[in-house]
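S.K.: Chains as they are written, first to last, in the UniProt record's numbering: chain Z, 1 to 128; chain U, 1 to 122; chain D, 1 to 954; chain R, 1 to 162; chain Y, 1 to 508; chain C, 1 to 89.
Where a beta carbon is used, it is the ideal one built from N, C-alpha and C, also for glycine.
All values derive from a computational prediction rather than experimental measurement.
Structure below; questions to follow.
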Ligand code: NA
Ligand code: NA
């Protein structure tokens, strides 16, 4: 039984390690910023996730004290990571991409970085 | 470990000192920040280094604890330096907005305020 | 022999009390003012008169009050013959001057001020001559410098007055300071600052190794005051003062102070070779040079001034001879010089007053127009020349007699010849004063047509002229006072007989020679003057001004280069000095060998170290790119927080990471309004220098840390660990230290935050009312902006996370006493949560929906913490004494409470309030920069839009 | 009355659970404290969440979560393969526009988040009117397929939930 | 335990938030509260000083924790007299600020003012080295706020420099405290004294470093060479009443040096032998020289006054550096004197500068009440330059007398005397230009817009000068109090016993 | 086995940190650096969790939680600065 527990926990740890590393490696290897932006999703999801599951299991099964903190951290990361990625992507697009190079929105309005929102067309941005 | 901590303090100090000797306010603020990191770690290290011995008492365990006092001191120092840094940042911003440049050196220490400014200050 | 009476103190203080009056009385008119100025003088004279008989009998009158016993300074006065002589001179001439000045000063001159200064000066002089404590004497000595400064600069609109005053102050002030040192040395040698003790300890003083320094320092004081060569140059420039001042300062008082001092200290200092060679030589040189210059001065007052210099030299020389006879001659000449010189000055004043010029070249022939003045001038000038039977003759004969017997460096000729030369010149300029001013034809080109002045103006000189004649013809009248004074100087009990005829002595030949040569010199004056003017000669004022200008320029350049406003350099010096001094301190003491082993280094820590070092390197190398350097700073914070976790400091890690975040936010907020990059403007040399200093500092700090990290120590914190739970009611020892053991520190710390909030608020307020607001309005901060302001995703994510973050804050607050956390971290967590909300929907939108005034939050935090601390007083315990315990609610488990929680709440509120107030201030700036307030939480809400379209469709 | 005290019971309940997870100790006292906080905190933060959406079908939420978690695991391996073994020049990154039928900001956000969390796609931007998402695809041949997959797998389910 | 000991800290600390957050919209109320608070503070300070006149060191155990584990306040003669000095100065400055309306020229003046007092008093009263740091920070940050009160470009830029310099100083303070703690394991000043005395002779290098670093930290506050550079710019650009209040700030540095280097690193302590006198004396002399040169070379009035403050610190520290009881008592006398002298001049300068429109030392048309201001300036200058009959002269004599047994006596005397002369000349030139030369010019046309100073406005400056007179007249009793103060300081065992022996008796 | 797995995971994340450092230093775009910093935060969180397992204590979870929170806030703030200039407009 104990061995099984150990195997399971070790499995999650190894998964965590592998995906965590792949995330960072991808960031190093990939050619452009948008590609690199994909990499950390691995670190956040299976990387941290694996470590947190391993930790929960470890404390629940080995230390026999159920801990929910890991779950909280996971929730938090899952809530925030997309927003971070979203912002970073926009940061990249605003600085390095041209509006023409992006596909059309298929809507009456352009992409958010380049076009005023319908609600606030009088936004205080620069008047080109 | 000790060497890493000591050298880290040294590196932070060196970086901080170099930056506070720059001629614009912003790098000086950065330098002050680095220096406060350095001094916080320094102060913390005066309790000597210990691993896995946080000074949180455990009821049923007879374990070693690291020196809590420097940690308390560092906390106080961090808070104070936070307040100070905030004031410094605001001063820097204010000085920049008033002077339209952010040089930290005052060229002529005896520079005379023009009367309209004095009137504004008065 | 001695007699104690407080009358003496009253005499000394009377002029000072009197000085208060004229300023008030001036409203009652000029006569009243002058009268009231005269009253204290008269009173003092009367009181002095009551004491005079006893003193003339050889008694010494003393009085003493404690002032500063630890220093040896007491208010001690004594009156002996010398003191009496000078006191009479000061008060007597003072009275005459008060009378004279009443008529001399014009209606435009502030007379109240004049008399106030005059009485202050009189008091200071009187103090000098009556002091029985050399420290007290120094007090009065310096007071004469100050009050004469005011008198000389009385006509403040005249540049000559101001410059003359400053010059006099500089020279006599410098001398005074030297004298302070000299007097202190004397006091040290004798072990007392009492003059009586010092005068009695002459042998001890002269035997001391400190005698020479003391002598020189004191003599510098005396020489500067008495305008001895080469310090004589200030005196003529002090003539810019109104003539009454000149008459007073340069006949009876100020310049005589130096002579008085030499006479006073005579028993203590005189009689040595050093004394002779310094004093007598200086006097002799001064006498000759003064007389020579006087001969060629066209300004009446300048002529008299240099004549004064010459006569002071004469007096100094006599005192320098060190013999009793010379001392007697000196004392006698003091009186005589006073009488004729004061009268002459007043005469010069009258001439000036009447003709509106003092230039001899523009005068002449006044005898017919101003017969009274001419008479006075002739008699007194002849006395100055040493003409029998006037008093000047008597003392000059005595001087020449002494000179004739004095050899200098074994040469018997030098002194007599030079003394005779001085006398010749003296005759010449005296005669010139008479002949060139009053003799000759009446001219028709005087700037103003002269005639004799009103009685009030010539009464004083006339009285003095009477004295000149009286003493000259009946010298025995002066004998008692001369005797008393001379005895006081020499310490002997002699009875000199002053007589007109001494027989045919060398002095008589010298005197006759003087008159002969003097007459010739006057006759040849025109050609001599051409030679004199053709000769290159140093002009003292030019030299002095040059020196002063050089000094001021030097001071300016030193000040400008040392305190040049370059804080970068101040800091460089500060850091370098610290490193050097620290190194010296370290190497000046031994250090014990290391006692601790190093801990092993796991891989993540090594990586953390690399990250930290790299981050510092990146910050330094990229500091020109400001935004980037902030990103790198974050790395440092992360690495350090990780290190804290590993090294058993979870509280520190929590605090570090949250503080760092808030700080970076503030920097980002500020950076928005500042330049985004730093220009490269330091030279390479500067960069290398700074790098050198930085590396030295880094190595020093690292070595210091290493030194203690490898050594064990005993700390008081064992007590904290042991008593945290029992005495403080918490298991997180760090927190218990913060809120209990050292709660007072924490109290101070939150007050720092509170003040920071206030300061920032006040700063913003000042800023936004000044030119900065204009600059903000005129600058466009919206370049290259993204067009979405409050993206939907962020808004929605924040909606979900804000409550959770608040819960985390509450949790961290509540458990802080027992687990890592506490009010400070909780405050920061909540701040960060709110910051998140601000970033999502903007400051204004968020602010409108929360009615918390951050000012109050901050205030309440500080007050709650303070009141929690003060609450202990109710229990009679000291400030910040905590109480804790356990509450038991049967259905619920044990609930722990501690008053420290309330204190921590104060901390929490203060932190939250401070951070929010800072953000608020920055947001105010943004508002001034033209930023609009958003009315919706996000840029565009498609559901609202959809509903709207739906409604429109219906 | 109940409505005023507990405007969003589900939300409050979530907070109570979060609180218990935080304190990590289920006791009566903590439950009580959690309950108080569950009521107070939403009351404080309510102004920041105007137009609180209500979830139509909580069961569908669980289904959605299950689908997403499964996709995350699968996609993780897929993308790890791309990163580790595919040559950079062979990786075909593309932009994909995903027009949306959803209008609730919450739903759109969850969709965008899902796209990002499943490796291989990152939702990079919304259109100014919130009507379409700009998705960056790490390695794909057919952008239409990606768009349809997103719309079918995730957007459809979300429409049922909200 | 005497709870009054902490009153000088708690009273302003509780008053300040009320001023800042409750009364901030009502200037009349703020003024009244601030004034009443300061008067109470002065009364308390007088009480404490009188209490201490009897001798004996009183200790206040904060949080009821025994020393050295908790923080203690220590009331002895020195701390009592410093608190009293602060309170009296504060009253004068506050009066001036209210009478001239300075307090209305920016926000939160009274709150910052009270916080400033709290910080200063806290620094004087604390018996704990780290707590000294905390209160240094309190008084510094309050001074930052006061320094830029009213705003303006030059002031703000000078303020920025002031902040940067002090932040660097605070950093060094922490390095010093860290080193001290790392070597001794304690923070309580009395306990530090015990530990340092017991330091083994072969392991003193680190504690020597700590002692030196600490000295530099305090030297910054005391404006000693080579860390005095910040002072002229700061004082010259601060609002004049604030500069007057700052007269006490340099004294905090001097106080700290006196306190730490008598009690902890005293002259008899083997471990730190020679550290203070070796380095303090030359630094003091150079400071004195730089101050005097600055007075002579200043182009504006405010820097001139600032440099005179630098010079006075040089004189003061010269006396301190002798480290004998008698010399220290003379230093303390000079400390009292120079505080009021500096304050008097800055307050007066404010009256003049506000009427003149600037403080350039160039001839400008005369201002209203030229004579009055000239007279007051004369008195103030006499005080600062150390001329009789004011206390500066006595102070100078005392300091010279105090160092007469030192081997460097001649150097010190020479420095003091020459610096005096240069200062006198500098002041004479300045006064001559400001008040005399101007009389040769036509009065400014707009002079009718300049209101004459009321008695209420001139009062504070005269009061400060009055203190110089009082110090001079009552030099005897003052000196005797200060002599016993110095004696108490050099008897460190009295201090140590008072702080540490209650622990042996078991307090808690 | 558990220990080895733990060591492996630690090694991976520490190595990851090292790689992040390279990216943060190199850039080239500001987005890259922010991204690298964000990833660094994630890796640090993982390491903190692993350290908790290693030491068998949950004292360090708050740190991990807080790091997650401030990591997010900083990332958003950095991006907002680049995008809009004012981060709390
Ligand atoms: Na937009
Ligand atoms: Na994805």
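Using a C-beta to C-beta distance shorter than 8 Å, which residues of chain Z count as neighbours of residue 174(R)?
M.R.: Lying before the first or after the last residue shown, residue 174(R) is absent from chain R, which here runs from 1 to 162.
S.K.: Under 7 Å between beta-carbons, which chain R residues line up against residue 67(Z)? List them in chain order, please.
M.R.: Those are 24, listed as they occur along chain R.
S.K.: Residue 627(D) lies in the alpha helix (DSSP H); which residues open and close that run?
M.R.: Its alpha helix (DSSP H) spans residues 626-646.
S.K.: Taking only three categories from DSSP, how would you classify residue 203(D)?
M.R.: If DSSP states are grouped into helix, strand and coil, residue 203(D) belongs with the helices.
S.K.: Please tell me whether residue 833(D) has its Cβ less than 7 Å away from any Cβ of chain R.
M.R.: Chain R, which has no Cβ nearer than 7 Å to the Cβ of residue 833(D), makes this no.
S.K.: Per the DSSP calculation, residue 300(Y) is bridged to which residue(s)?
M.R.: In DSSP, residue 300(Y) forms a bridge with 360(Y).
S.K.: Check this for me: beta carbons of residue 447(D) and residue 356(D), under 7 Å apart or not?
M.R.: Yes, the Cβ-Cβ distance between residue 447(D) and residue 356(D) is below 7 Å.
S.K.: Would you tell me roughly how many angstroms separate the C-alpha atoms of residue 752(D) and residue 114(R), rounded to the nearest one?
M.R.: Between residue 752(D) and residue 114(R), the C-alpha separation is close to 45 Å.
S.K.: In terms of alpha-carbon separation, which member of 89(U), 70(U), 106(U) and 88(U) lies closest to residue 650(D)?
M.R.: Ranking the options by Cα distance to residue 650(D), first place goes to 70(U).
S.K.: By DSSP, does residue 125(R) sit in helix, in strand, or in coil?
M.R.: It is a strand residue.
S.K.: Suppose only complete runs of 4+ residues qualify. What are the alpha helix (DSSP H) ranges in the segment 765-804 of chain D, listed by chain order?
M.R.: List check, alpha helix (DSSP H) in window: 771-778.
S.K.: Would residue 63(Y) and residue 880(D) be called neighbours here (beta carbons separated by less than 7 Å)?
M.R.: Closer than 7 Å, so yes.
S.K.: Out of 449(D), 537(D), 429(D) and 485(D), which has the shortest C-alpha to C-alpha gap to residue 524(D)?
M.R.: The candidate whose alpha carbon is nearest that of residue 524(D) is 429(D).
S.K.: To be precise: take each residue of the segment 645-664 of chain D, compare its Cβ to all Cβ atoms of chain U, and keep it if any distance is under 8 Å. Which residues remain?
M.R.: Listed by position along the chain: 646, 647, 648, 649, 650, 651, 652, 655, 656, 659, 662 and 663.
S.K.: Consult DSSP for residue 133(R) and reduce its assignment to one of helix, strand or coil.
M.R.: Of the three classes helix, strand and coil, the one that applies to residue 133(R) here is strand, per DSSP.
S.K.: Once the 5 residues before and after residue 118(U) are set aside, which same chain residues still bring their CB inside 7 Å of it?
M.R.: Reliability fails at residue 118(U), whose pLDDT of 39 lies under 50, so the model's placement of it is uncertain and no value is given.
S.K.: At a CB distance below 8 Å, what residues from the segment 47-62 of chain C approach chain U? Give them in sequence order.
M.R.: Answer in chain order: 55, 57 and 59.
S.K.: In its own chain, which residues sit with a C-beta less than 7 Å from the C-beta of residue 149(Y), not counting the 5 before and 5 after it?
M.R.: 105, 106, 109, 239 and 242, listed in sequence order.
S.K.: Identify, in the order they occur along the chain, each residue of the same chain with its Cβ nearer than 6 Å to the Cβ of residue 869(D), setting aside the five sequence neighbours on each side.
M.R.: Closer than 6 Å at the Cβ level, and outside the excluded window around residue 869(D), lie 879 and 880.
S.K.: Between residue 794(D) and chain Z, is there a C-beta pair that is closer than 7 Å?
M.R.: Yes, contact with chain Z.
S.K.: Residue 76(C) CB to nearest chain Z CB: under 7 Å?
M.R.: True, the Cβ-Cβ gap to chain Z drops below 7 Å.
S.K.: Mind listing the chain Z neighbours of residue 62(R)? Cutoff is C-beta to C-beta under 8 Å, in chain order.
M.R.: Residues of chain Z passing the Cβ test: none, with the nearest at roughly 15 Å.
S.K.: Taking the runs of the beta strand (DSSP E) that are 3 residues or longer, which of them lie wholly in the segment 62-119 of chain Z?
M.R.: Counting whole runs of 3 or more residues, the segment 62-119 of chain Z contains no beta strand (DSSP E) stretch at all.
S.K.: In three-state DSSP terms, what is residue 837(D)?
M.R.: Helix.
S.K.: Quick one: does residue 112(R) have its CB under 7 Å from some CB of chain D?
M.R.: So yes, residue 112(R) belongs to the interface.
S.K.: Grouping DSSP H, G and I as helix and E and B as strand, with all else coil, what is residue 62(D)?
M.R.: If DSSP states are grouped into helix, strand and coil, residue 62(D) belongs with the strands.
S.K.: Suppose you measure from the CA of residue 181(D) to the CA of residue 99(U); what does that come to, to the nearest Å?
M.R.: Each residue's alpha carbon lies about 50 Å from the other.
S.K.: Does any C-beta atom of chain D lie closer than 7 Å to the C-beta of residue 101(R)?
M.R.: By this cut-off, residue 101(R) is not an interface position.
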